[in-house]
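The structure appears below as structure tokens.
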Amino acid sequence: MGAVLAIIIGRMVYLNGINDRFGTAYFGRAFIESLKLGSLYALIALGYTMVYGIIRLINFAHGEVFMVGAFLTYFLFTLSPYPWYVALLYSVFIAYGFMRILEFFRGNLRDPVVLGGGALMLMFATFMLSTQTVNLIIALVFSMLLTGVLGILIDRVAYAPLRTAPRNSLLITAIAVSFFLQNFGLLVFTNRQTPFRPDTLITNPLTIGGISSNWLLVAIPVITAILVVALTMFVTRTRLGKAMRASAQDAETAQMMGVSVNRVIATTFLLGSMLAAAGGAMWGLNFGSLNQPAVMGILPGIKAFAAAVIGGIGSLPGAVIGAMVIGFSENFLTAVFPRTNNFLGITEFKDTFAFILLIIVLLIRPSGIVGEDLSEKV
Amino acid sequence: MASVSQRIDARTQELAFPRHRGRNILLTLGGLLALVIILWFLEGLGSSKLNQALALFAIWGVATVSLNLVNGTLGILSLGHHGFMLIGGYTTGLLILSETARDRILSSGRSSMNETTLGLSLSRGLDLIGLDALTTPETLWIRFVIAVLVGGVVAAIAGLIVGIPSLRLRGDYLAIVTFGFGEIIRLSASTRIFAPLTNGALGLPGIPSEFGKSVWWTFGFLAITVFIISKLKYSSYGRAMEGIREDEIAAEAMGVNLAYHKVLGFAISAFFAGIAGGLWVSWLGGVRLDFFLFTLTFFFLVALSAGGTGSITGVLLGTALVVFVRQYGDPLEETYALATWLIIAGVTLLLAAAATYLYRTFQRQRPRMHPAVYGLGIVGLIAVLVGWLAPNLGILDGTFRGFGMRAIFLSVLLIVIMIFRPEGIVGRREFNWGALFGERPDQPTDEERKQDAWLSNAQLNRPGGAAAAEAVAEVQAEVPGKPLLETGDEPVEAEDK
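One line per chain: the protein sequences are R and Y, in this order.
Counting from 1, one number per residue, gives the positions in the first sequence under my numbering.
Counting from 1, one number per residue, gives the positions in the second sequence under my numbering.
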């Protein structure tokens with residue numbers, strides 16, 4: 001670790017010496033870009049790590065959930081207002097997702113507060129979607145709720161029947177779900193790259209300390225931090241969060257102690273998918289376009305999984321740390337080894353860094369940076 | 001009276017040379033002949049679509065049978081098969097690329113290849129070592145076979161490089177790492193280091209396609225692959241691999257070298273994947289990076305799971321299914337009216353509801369009218385009704401193209417298989433002639449029962465024991481599974497004192 005830092009600092013000093021271009025602004029920009037990318041990976045990696053922690057499944061479809069979240073945000077933002085029946089259809093799912101969230105605090109889906117909240121949400125969402133062009137924040141929230149419901153649905157339809165099956169069957173099912181969503185996206189959304197450059201507040205230009213970019217530079221890390229803190233609060237402070245931690249330790253015992261493990265798993269998928277949707281929407285805003293559905297989720301998804309493993313799968317802080325490691329290795333490392341007169345740079349290899357790091361970590365320390373030892377028992 | 005060791009020898013002999021061996025060999029040869037006649041007949045029909053489908057079945061068969069060695073026999077989920085196929089495909093392509101294609105690549109300004117890499121030609125190499133008889137157009141097939149084999153060897157070396165570090169990992173991590181390697185291979189093929197060999201995103205056009213599209217060549221490779229892999233499966237190596245699949249820790253305790261067998265299986269699988277890659281680029285008539293997407297491995301996974309992971313017979317059945325959907329599934333991807341799509345979707349949901357109901361009935365699950373049945377049925381009914389009435393109501397006019405429907409169909413199929421029949425159509429059973437004649441391999445014959453009685457009861461192996469063994473075998477034949485030692489009136493040890 002120290003050696004890597006020493007090499008990086010040495011390179012920075014060296015580059016600063018050979019060319020004025022490599023000054024504070026250059027490295028500052030690389031730093032902030034890395035932070036941004038790391039935040040996006042973190043949002044996806046949290047979903048992987050939560051699901052793995054509870055049902056020991058590498059949710060291959062998570063990258064595609066991320067893609068769906070991005071496209072839903074895009075369509076809710078650009079295509080609204082909808083006809084009333086389409087708006088109503090969306091709103092039913094949005095309200096259901098909202099009820100699942102309210103359930104955290106009341107403990108029961110049939111609680112009057114939860115039902116009332118769902119009804120209010122149904123009316124609010126129908127009204128918003130059928131009368132006006134919703135703004136980006138509301139589109140993002142709606143898309144998060146919709147994607148969360150999609151996560152619950154995936155679990156119910158594809159994974160729940162296989163709770164007791166061998167792990168390879170579950171993994172193959174996850175691959176099938178991922179492939180299904182890719183092609184379904186291709187069929188329903190679009191089959192080409194979609195520009196996504198809305199003219200709103202957070203895409204307005206911004207200049208900090210010589211680095212000119214837009215407000216996303218601030219918004220992405222901040223929104224990520226808020227969501228991660230909210231998730232941590234949920235996991236540590238609420239009853240359902242406690243049940244979730246208990247299930248992650250030992251699902252069978254937790255079930256015997258009265259924890260409804262199926263509900264915990266559904267919650268896990270809901271939260272993981274919501275975070276992935278937020279990540280997807282911000283990914284699209286950050287890069288100014290959504291890649292075509294069949295490929296958009298694959299690389300971010302698999303890199304985020306690598307991040308979860310690097311940090312220590314099953315651990316929430318581990319996922320964030322791992323995501324930052326990957327974000328920095330992809331962005332900062334390529335900035336430290338740029339194209340110069342006598343060196344061609346390493347930019348075109350940056351997609352392979354995550355895999356190489358993953359393999360190194362798995363060989364040296366399979367439990368990851370902060371994870372516990374998960375070695376197989378007899 | 002034969003000693004125990006002699007009886008063990010006899011038993012070993014019996015296992016090594018099973019009954020009806022001569023008959024089975026004759027039947028196999030007859031079956032091959034029948035296959036040749038059928039292929040000859042089908043090729044004679046002259047439908048190029050059918051020929052292509054048959055050749056594709058054989059090529060993908062090579063890939064799935066080799067993937068089955070890792071996923072089925074060794075029990076490791078490998079997701080990097082497309083990467084090894086890519087290596088084999090590019091090697092083959094580079095070696096047999098025609099001189100005119102080389103000139104065209106060199107003269108086009110956008111190519112990333114140079115004189116040196118374009119000089120990597122099999123015909124030039126053979127010319128160099130004096131074998132210029134093999135460089136004529138008539139001997140292209142020899143060069144093709146050499147190129148495909150070299151492709152296989154290069155892929156096997158890649159398999160070793162991938163396998164040695166990563167096979168120390170367990171289960172699902174290994175799946176991710178193999179997937180990662182598959183993607184690394186694909187992503188790095190277009191980078192600066194490898195672009196001179198792969199020609200970057202442009203690929204290598206103009207690979208001779210008379211071999212990959214020929215039913216005879218591809219089925220020949222398939223037959224050899226199936227022969228070698230099934231021999232391997234029933235050898236001591238194969239049994240060690242199956243032991244690893246069933247329980248790694250127990251296999252290690254029995255003296256199986258885990259790393260050695262895993263890496264061996266991985267390398268052999270990669271070798272045949274490379275061969276499949278070589279045939280695949282010949283079938284396609286060119287090499288490009290997007291011929292080797294993860295989709296390929298996904299199709300193979302569907303074939304394995306549908307047919308029966310671990311069974312060569314099953315895998316070939318599954319491959320036939322996948323190839324059929326891929327080659328004859330075009331009607332799924334055409335443009336229909338929206339209302340038609342709605343009716344199709346509704347009918348699918350109704351069928352799913354009916355299937356769920358029947359499944360619950362046969363599995364004796366109650367209630368038979370599960371909410372899933374209601375839900376699917378009602379939604380399906382609404383969809384059918386709306387689709388049916390839509391033209392009259394004037395809604396849903398417009399058309400919709402089912403782009404990607406085949407892949408959706410296959411992924412839904414895979415999910416359904418995994419939920420309802422995870423072992424696939426045939427499970428782990430293999431085709432054998434005996435089963436056709438009503439022989440039941442799981443039931444030992446009288447002679448075997450007698451020998452088993454001898455082998456498991458050493459006390460019977462002394463003067464006068466033969467009669468006891470007969471008695472034991474008789475009892476066992478009547479009451480299968482009855483413990484042997486309960487047949488005597490008193491414990492055998494008592495006599496010794």
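We treat Cβ as the ideally placed atom computed from N, Cα and C, and that holds for glycine.
Per DSSP, proline 317/R is one residue of the alpha helix (DSSP H) stretching across 316 to 336. DSSP, reduced to helix, strand and coil, places valine 36/Y within a helical segment of the structure shown.
In the three-state reduction of the DSSP assignment, alanine 337/Y falls in the strand class. Only those residues of the stretch 158 to 178 of chain Y whose C-beta falls short of 8 Å from the nearest C-beta of chain R are listed: Pro165, Ser166, Arg168, Leu169, Arg170, Gly171, Asp172, Tyr173, Ala175, Ile176 and Val177.
Below 8 Å, enough C-beta pairs join the stretch 52 to 59 of chain R and the stretch 170 to 179 of chain R to call them touching: three or more.
Per DSSP, threonine 352/R is one residue of the alpha helix (DSSP H) stretching across 350 to 364. Taking a Cβ-Cβ threshold of 9 Å, none of the residues of chain Y is close to isoleucine 18/R; the smallest such distance is about 22 Å.
Taking a C-beta distance under 8 Å as the contact criterion, tyrosine 336/Y and phenylalanine 400/Y qualify as a contact pair. Looking at the backbone, the Cα of arginine 326/Y and that of glycine 241/R are separated by about 46 Å.
Measuring C-alpha to C-alpha distances from isoleucine 76/Y to each of Ile359/R, Phe104/R and Arg167/R identifies Arg167/R as the nearest.
The beta carbon of leucine 362/R sits closer than 8 Å to some beta carbon of chain Y. Contact of aspartate 155/R with chain Y is not assigned, every C-beta pair being separated by 8 Å or more.
The beta carbon of isoleucine 138/R sits closer than 7 Å to those of Met128, all from its chain and outside the five residues before and after it, given in chain order.
Closer than 7 Å at the C-beta level to chain R, one finds no residue of the stretch 109 to 122 of chain Y. For phenylalanine 343/R, there is no enclosing beta strand (DSSP E), as DSSP gives it neither H nor E. With a threshold of 8 Å between beta carbons, arginine 167/R makes contact with chain Y. Counted as a single uninterrupted DSSP element, the alpha helix (DSSP H) harbouring leucine 115/R occupies residues 112 to 131.
Selection Lys49/Y, Gly61/Y and Ser98/Y evaluated against methionine 85/Y yields Gly61/Y as nearest (Cα-Cα).
If you draw a 10 Å sphere on the C-beta of aspartate 132/Y, you find fewer than 16 other C-beta atoms in it, and that means exposed. Distance from the CA atom of alanine 25/R to the CA atom of alanine 372/Y, rounded to whole angstroms, is 59 Å. Residue pairing for arginine 401/Y: DSSP places it in a beta bridge opposite Thr335/Y.
For serine 213/R, the enclosing beta strand (DSSP E) begins and ends at 211 to 214.
Interface annotation for the stretch 171 to 188 of chain R against chain Y: Leu171, Ile172, Thr173, Ile175, Ala176, Val177, Phe179, Phe180, Asn183, Phe184, Leu186 and Leu187, criterion Cβ-Cβ distance under 7 Å. By the neighbour-count criterion, in which a residue is buried when 16 or more other Cβ atoms sit within 10 angstroms of its Cβ, histidine 81/Y is buried. Between glycine 371/R and glycine 272/R, the gap from beta carbon to beta carbon reaches 8 Å or more.
Ranked by how close their Cα comes to the Cα of tyrosine 48/R, the residues Ile18/R, Thr268/R, Arg339/R and Ile346/R have Thr268/R in first place.
Exclusion of the five residues before and after tryptophan 215/R leaves Ile202, Asn204 and Leu206 as the residues of its chain whose Cβ lies within less than 6 Å of its Cβ. Interface criterion not met: the Cβ of threonine 232/R is under 8 Å from no Cβ in chain Y. Taking 7 Å as the upper bound on Cβ-Cβ separation, chain Y lies near no residue of the stretch 266 to 278 of chain R. Interface criterion met: the Cβ of glutamate 183/Y is under 8 Å from a Cβ in chain R. Rounded to the nearest whole angstrom, the CA to CA distance from serine 39/R to glycine 308/Y is 42 Å. In the structure shown, serine 166/Y falls within a helical segment according to DSSP collapsed to helix, strand and coil.
Taking the CA atoms as reference points, threonine 319/Y sits about 11 Å from alanine 53/Y. Membership of proline 367/Y in any beta strand (DSSP E) is not indicated, and neither H nor E is assigned to it by DSSP. Cβ neighbours of leucine 349/Y within its own chain (closer than 7 Å, five residues either side excluded): Leu376, Val379, Gly380 and Ala383. At the C-beta level, valine 361/R and isoleucine 310/R come within 8 Å of one another.
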